[in-house]
Structures are given as structure tokens and as C-alpha cells.
Amino acid sequence: MEAKLQRRIQRYGWDKAAPHYERYWQEQLAPAREHLFALAALQPGERVLDVACGTGLVSFPAAEAVAPSGTLVATDISEAMVSAVAAEAARRGLRTVTTLRTDAEDLRLPDHTFDVALCALGLMYVPDPVAALREMLRVLTPGGRMVAAVWGARKNCGWAEIFPIVDARVQSEVCPMFFQLGTGDCLSQVAAEAGFSDVRSERISTILRYESADDAVGAAFAGGPVALAHSRFEDHVREQAHAEYLASIDPFRNGSVYGIPGEFVVTFGRRPA
837 MEAKLQRRIQ RYGWDKAAPH YERYWQEQLA PAREHLFALA ALQPGERVLD VACGTGLVSF
897 PAAEAVAPSG TLVATDISEA MVSAVAAEAA RRGLRTVTTL RTDAEDLRLP DHTFDVALCA
957 LGLMYVPDPV AALREMLRVL TPGGRMVAAV WGARKNCGWA EIFPIVDARV QSEVCPMFFQ
1017 LGTGDCLSQV AAEAGFSDVR SERISTILRY ESADDAVGAA FAGGPVALAH SRFEDHVREQ
1077 AHAEYLASID PFRNGSVYGI PGEFVVTFGR RPA
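Just so we're aligned, residue 837 is where the sequence shown starts under the working numbering, counting upward by one.
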């Protein structure tokens, strides 16, 4: 897919997903965030960059970890996402949190500005992950830390059929390389290629729990990367896609509750001093 088109799909797709994102994904993504923070080891007074910040599920705990004198800049390609973070920061009275709508591959931030760069489950959507990681490297101070989390191998993610189900109806791959970074040592290799040293990765198995079919469908279609395509489906197409997806995750159903397997890869790297 042409990179410009992929960025456009991501931008407006996440605008659609923003109102639903936390409802369906806050609890389910917690293990990835916990490992990301453990590797980042944030300290009071540090300057933090959160790339692909979404609604701030990483941004606000990170800002608390570096308080009172630390600062955080939250960036995302989606205007709706950064607006949500800005509004929540204002509601909390957090003057140390600022936002910027920008592409991960072109951060438009000064060199050597941050002590830590975080990216939780955003690199899979970037046309050129190496370029995005090089941007994070550029804005880090010497010795600065990067921690990124991605989804793991496709075979270990029970919800993975969402992509071919949508692709069959819109004839366009929404996330063409979604699982590549989480396969084998790919993310570590990409981080090293971007210039990071001391690279190491952890692989985490998890279960995505949804209390009902409606919640499982909402997470997959309305609150995730296929939200733009889903919003354009006619009613009968939407019903067919929902039914096909529920059939794909039925092996993970116990009564009305779904426990869908998933996997994360979390990688640490350091800007060489």
C-alpha cells in the first residue's frame, strides 16, 4: 500500500475509534503497559515523549511517574486522539503535559529533547517503522531510553481474523504489515537497524477478556484499526462481518464471556552515549 494512503487511513480511522477506544481496550492492554513501564524505569524530572499516544493510557501514568518537575509530550497522527489527551490534561490541571498531532516518521520536535521515548502499540501502523524509530532516536539525549510495545505473532493472537474479514469487504488491507514486528526478533532487529544499542525484548502472553459478544465486536470493529472501514459498511455487510468475526473467536467463548488469547512484544533500546 502507498505510504501516504496508509497514513490517511490510520489518521481518520483512529479519529473514528477514539470515542470507543478506552471502553474496549483499557483493561485488555494493561499487561503491555505494565511491561513497558517496567522497562522504561521512569524517574522524577525526566522529559518523556509518548508516540502514538492514543487517548493517553500511557501518557498520564508516565506524567505522574516523572512528576513534579518532569514533562511529557504526547503525539499521535489522529486529531481526535490528541484532542482527547489535551482535554483530559486540562481537566486534571496538568501543565506538564502537552500534545502534538504529528506523524511518527516526522515528529517535528528538536534534536536531543527527551530522556525517554515510549510507543505503546503504535509501530504496527507506521508505514516505515525504522524511520519512526530513527525519529525517536534523534529526539533522545545521548544515553536516552526507548521502549516500544507491539502485538506479537499472528498465530498467538486469537482475534487476528478481523483483518481478512474486513479486507474481503473493502478490498484494501487496513494494516498490511500488522504482525510482522511481533514475529521472531523483528522488533529488536528494527530497533538495532534504527541505531539503538543495548536492545532487548520480552514476549508476553495475555488473555483479552470481553463480557459479551457485543463487547468483543465493539473492540474489534469500532474501537480498533478497522473503525474507518467499518463505519462505511452498509448494515447487511456489517452484520455479516460481525457474524463471521464472532465465529472466528467462538473457540474462546465460555457462555457469554470471551477470553481471547493475545501476545505482546516489548522492546527496550538506548541511544548510544
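Backbone N, C-alpha and C define an ideal beta-carbon position, used for all residues, glycine too.
Which residues in the same chain as residue i place their Cβ atom closer than 7 Å to its Cβ, once the five residues preceding and following it in sequence are excluded?
i, result
"ALA1109", "PRO978 and GLY979"
"LEU878", "VAL884, ALA898, ALA901, VAL902 and VAL952"
"LEU943", "THR911, GLU971 and VAL975"
"ARG869", "LEU893, VAL894 and ALA956"
"ALA925", "VAL933"
"THR891", "ALA854, TYR857, GLU858, MET917, ALA920 and VAL921"
In this structure, what does DSSP give as the bridge partners for residue i?
i, result
"ARG1039", "VAL1101"
"SER919", "According to DSSP, SER919 bridges with nothing at all."
"ALA910", "ASP886 and THR935"
"VAL1093", "ASN1090"
"LEU1044", "ILE1096"
"ILE1106", "Checking the sequence shown, residue 1106 turns out to be Arg, not Ile. DSSP output for ARG1106 lists ARG981 and SER1033 as bridge partner(s)."
According to the Cβ coordinates, are residue i and residue j closer than 8 Å?
i, j, result
"VAL952", "GLU882", "yes"
"LEU954", "LEU1017", "no"
"LEU959", "PHE1032", "no"
"ALA916", "GLU941", "no"
"GLY1095", "ARG1036", "no"
"GLU1047", "VAL1093", "yes"
"GLN842", "PRO963", "yes"
"ALA1027", "THR938", "no"
"LEU908", "VAL983", "no"
"ALA1083", "TRP861", "no"
"ARG847", "SER914", "yes"
"GLY849", "PRO880", "no"
Have a look at the options and flag the residue whose alpha-carbon is nearest the alpha-carbon of residue i.
i, options, result
"GLY1060", "ASP851, THR949 and LYS840", "ASP851"
"PHE1069", "ARG1005, ALA968 and TRP995", "ARG1005"
"TRP995", "CYS955, ALA1028 and GLU1080", "GLU1080"
"SER895", "PRO904, GLY906, ALA910 and SER905", "ALA910"
"ASP1003", "LYS991, ALA984 and LEU1064", "LEU1064"
"ALA989", "ARG1074, CYS1022 and TYR857", "CYS1022"
"ASP1034", "PRO904, TRP987, ARG981 and HIS1078", "ARG981"
"ALA866", "ASN1090, ARG1074 and VAL986", "VAL986"
"ALA1049", "PHE1014, VAL1073, HIS1072 and ARG1089", "ARG1089"
"ILE1001", "LYS991, VAL1073 and ALA876", "VAL1073"
"PRO1097", "ASP1071, ALA1052 and ARG1106", "ALA1052"
"SER1024", "PHE950, TYR848, PRO965 and GLU863", "PRO965"
"LYS991", "ARG927, GLY890 and PHE1100", "PHE1100"
"GLY929", "PRO904, THR949, PHE950 and GLU1038", "PRO904"
"PHE1014", "TYR961, THR949, ARG931 and VAL1062", "TYR961"
"ALA888", "ALA854, ASP1071 and GLU863", "ALA854"
"GLY1105", "CYS993, ARG931 and GLU1038", "GLU1038"
"ILE1043", "LYS840, GLU1075, GLN864 and GLU838", "GLN864"
"LEU1111", "GLN1076, ASP886, HIS1078 and GLU838", "Residue 1111 lies beyond the range of the chain shown here (837 to 1109); nothing can be said about it."
"ARG1107", "PHE950, ARG927, GLU838 and LYS840", "PHE950"
Can you find the residues in the same chain that come closer than 6 Å, C-beta to C-beta, to residue i, ignoring five residues on each side of it along the sequence?
i, result
"PHE1057", "HIS1066"
"THR935", "ALA910, VAL918, VAL921 and ALA922"
"HIS1153", "Any answer about residue 1153 is impossible in this case: the structure gives the chain only from 837 up to 1109."
"HIS948", "THR977"
"SER1041", "GLU1099"
"THR1019", "ALA989"
To which residues of the same chain is residue i closer than 8 Å at the C-beta, ignoring the five residues directly before and after it?
i, result
"PRO828", "Only positions 837 to 1109 of the chain appear in this structure, which leaves residue 828 out of reach."
Exercise. At which residue ranges does the stretch 930-998 contain complete alpha helix (DSSP H) runs of 4 or more residues, listed in the order of the chain?
Worked result: 965-975
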